[in-house]
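Colleague: Once you've had a glance at the structure underneath, I'll fire off some questions.
Numbering (the numbering used here), first residue to last: 3 to 446.
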């Protein structure tokens with residue numbers, strides 16, 4: 003006898019309307035702005051649900067007048083809460099400037115906590131009414147011009163995170179943000195315009211990261227700063243000065259191209275090393291080693307003296323040009339380097355090609371580092387990512403590296419398939435990245 007399905011609803015039942023309200027709100031929030039608004043004609047229940055989609059407001063309707071749509075919705079629902087507000091490649095002509103200015107004032111009254119403002123052209127300005135959003139905690143802005151923070155009537159006192167990409171901002175305005183946003187903990191900057199000198203005075207800032215597309219970084223007073231990271235900072239003749247950052251634990255990428263590195267009263271240039279004060283707080287250092295430059299070994303050894311308690315060292319080298327011979331120099335140095343002898347636990351060769359200078363450097367480090375736990379080799383052939391290196395090549399490298407001569411018998415030597423990803427430091431704290439990190443090990 004055929005099963006009649008029991009209490010199953012008839013085939014013409016409206017399955018979507020039978021869903022719980024929280025599920026329906028999630029579905030509506032994934033629609034384009036205009037599509038979600040049109041759903042209100044379906045029933046009184048859907049009309050009741052639409053205001054909840056504004057909790058995470060996505061102002062995105064390709065091919066339509068977004069400015070007019072947002073104006074209409076905000077005016078029609080004056081009591082709806084807005085927790086976050088996002089735009090997608092927003093473009094508006096000058097005559098719409100007052101409307102967008104009014105958006106932010108309206109959102110400020112609704113207690114908005116997160117803004118993501120993405121524009122189509124850098125010349126388009128974020129309205130100064132941004133500074134009325136006193137409840138704002140996270141701000142992301144891209145492809146636009148930032149308003150003058152020096153003229154803001156009041157600081158964004160609740161703001162904890164700023165992410166700027168392709169933004170024009172003056173040095174004075176950035177300095178005002180850093181000093182006046184008293185809860186700011188994380189600042190990320192990439193592909194910036196106008197701002198070539200960064201002056202940090204902040205009681206709250208913990209992380210400062212980006213591309214490193216600036217000429218001078220002065221950390222004058224940052225008592226809670228823990229990380230300073232510029233992925234390509236070494237590609238410019240940067241002047242770095244760290245005057246007061248007693249909790250700084252991560253610094254990179256430093257390179258021989260730097261005009262000057264000042265740590266406290268220590269002054270460090272390519273040719274002159276005047277070491278007077280040290281930074282014992284630093285636990286992780288990332289460097290670009292210009293192995294073709296004369297004196298690169300001495301530069302490296304002197305740099306490590308500044309950080310006597312260093313535990314993790316990332317080593318990057320030229321990984322896109324043709325293979326070149328290393329500059330002459332010897333790793334047979336007798337002088338002691340405190341961090342290598344007493345603290346170094348992890349060394350990461352971000353692009354390991356098995357060149358002689360890399361092998362000699364690795365042997366020097368594992369032969370001295372008594373507390374070494376892991377040395378990582380992220381392997382890539384001279385032809386780039388397209389060249390696959392086999393396990394036989396890895397076994398040959400293991401022999402050439404003389405791993406049996408290591409100072410720490412507990413040290414592990416890990417060989418990875420492919421170079422370390424460029425955004426490693428941006429995502430290394432993410433659980434998904436931690437889970438997959440060791441999936442690409444050579445099985446040797």
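Glycine included, each C-beta is placed from N, C-alpha and C at the ideal position.
Model, not experiment: these values are computed from the prediction.
1. Buried or exposed for residue 352, please, with buried defined as at least 16 other CB atoms from any protein chain shown within 10 angstroms of its CB.
2. Cutting at 7 Å between CB atoms, please list the residues of its own chain near residue 125, excluding the five before and the five after it.
3. Does the segment 79-93 come close enough to the segment 118-137 to have 3 or more Cβ pairs within less than 8 Å?
4. When burial is assigned at 16 or more other CB atoms within 10 Å of the CB, is residue 152 buried or exposed?
5. Expressed to the nearest angstrom, what Euclidean distance is found between the alpha-carbon atoms of residue 371 and residue 266?
6. Do residue 161 and residue 141 come within 8 Å of each other at the CB atom, strictly closer than that value?
7. Taking residue 401 as part of the alpha helix (DSSP H), name the residues at either end of that continuous run.
8. Can you tell me the Cα-Cα spacing of residue 239 and residue 218, whole angstroms?
9. What's the C-alpha gap between residue 373 and residue 338?
10. In the DSSP assignment, find the unbroken alpha helix (DSSP H) run with residue 182 in it and report its ends.
11. According to the neighbour-count rule (16 or more other Cβ atoms, all chains shown, within 10 Å of its Cβ), is residue 233 buried or exposed?
12. Check residue 28 in the structure and name its three-state DSSP category.
13. Among residues of its own chain, excluding the 5 on either side of residue 196, which ones have a beta-carbon nearer than 8 Å to its beta-carbon?
14. Here's a check: name, in chain order, each residue in its chain whose Cβ is nearer than 8 Å to the Cβ of residue 343, leaving out the five neighbours to either side.
15. What does the alpha-carbon distance come out to for the pair residue 397 and residue 312?
16. Which stretch, first to last residue, makes up the alpha helix (DSSP H) that contains residue 111?
17. Looking at the C-beta of residue 171, does it have a partner C-beta in chain B at a distance below 8 Å?
18. Could you check the C-alpha separation between residue 2 and residue 216 for me, to the nearest Å?
19. Would you mind sorting residue 212 into buried or exposed? The rule is 16 or more other CB atoms within 10 Å of its CB.
20. When you compare each of 290, 264, 273 and 297 to residue 281 by their alpha carbons, which one comes out closest?
21. Span of the alpha helix (DSSP H) holding residue 380?
Modeller: With the given structure in hand:
1. Locating residue 352 in the chain shown gives position 350, counting from the first residue. Label assigned to residue 352: buried.
2. By 1-based counting over the chain shown, the position of residue 125 is 123. So the qualifying residues of the chain are 147.
3. yes
4. To locate residue 152, count along the chain shown from 1; it is residue 150. Exposed is the call here.
5. On the chain shown, position 369 is the one that residue 371 refers to. On the chain shown, position 264 is the one that residue 266 refers to. Rounded to the nearest angstrom, the two C-alpha atoms are 27 Å apart.
6. On the chain shown, residue 141 is found 139 positions in, with the first residue counted as 1. On the chain shown, residue 161 is found 159 positions in, with the first residue counted as 1. Judged by their CB atoms, residue 141 and residue 161 are nearer to each other than the 8 Å cut-off.
7. For the purposes of this step, residue 401 is taken as residue 399 along the chain shown, with counting starting at 1. Its alpha helix (DSSP H) spans residues 393-402.
8. Residue numbering aside, residue 239 sits at position 237 when the chain shown is read from its first letter. Residue numbering aside, residue 218 sits at position 216 when the chain shown is read from its first letter. Looking at the backbone, the Cα of residue 239 and that of residue 218 are separated by about 9 Å.
9. For the purposes of this step, residue 373 is taken as residue 371 along the chain shown, with counting starting at 1. For the purposes of this step, residue 338 is taken as residue 336 along the chain shown, with counting starting at 1. The alpha-carbon atoms of residue 373 and residue 338 are separated by roughly 15 Å.
10. If you number the chain shown from 1, residue 182 lands on position 180. 173-182 is the extent of the alpha helix (DSSP H) around residue 182.
11. Residue 233 sits at position 231 when you count from the first residue of the chain shown. Buried.
12. In the chain shown, residue 28 corresponds to position 26, counting from 1. Here residue 28 sits in helix by DSSP.
13. Position 194 of the chain shown holds residue 196. For residue 196, where only same-chain residues beyond five positions count, the Cβ hits under 8 Å are 170, 171, 172 and 173.
14. What you label residue 343 is simply residue 341 of the chain shown in a count that begins at 1. Within the same chain, residue 343 has close Cβ partners 370, 371 and 372.
15. To locate residue 397, count along the chain shown from 1; it is residue 395. To locate residue 312, count along the chain shown from 1; it is residue 310. The alpha-carbon atoms of residue 397 and residue 312 are separated by roughly 30 Å.
16. Residue mapping note: residue 111 aligns to position 109 of the chain shown, counting from 1. Run containing residue 111: 99-111, per the alpha helix (DSSP H) assignment.
17. Chain labels in this structure do not include chain B; a single protein chain is all it has.
18. Here the chain covers residues 3 to 446 and nothing more, so residue 2 does not appear.
19. Counting from 1 along the chain shown, the entry for residue 212 is found at position 210. It is buried - the Cβ of residue 212 has at least 16 other Cβ atoms within 10 Å.
20. Counting from 1 along the chain shown, the entry for residue 281 is found at position 279. Nearest C-alpha to residue 281: 264.
21. Counted from its first residue, the chain shown places residue 380 at position 378. Premise fails: residue 380 lies in the beta strand (DSSP E), 376-381, not in any alpha helix (DSSP H).
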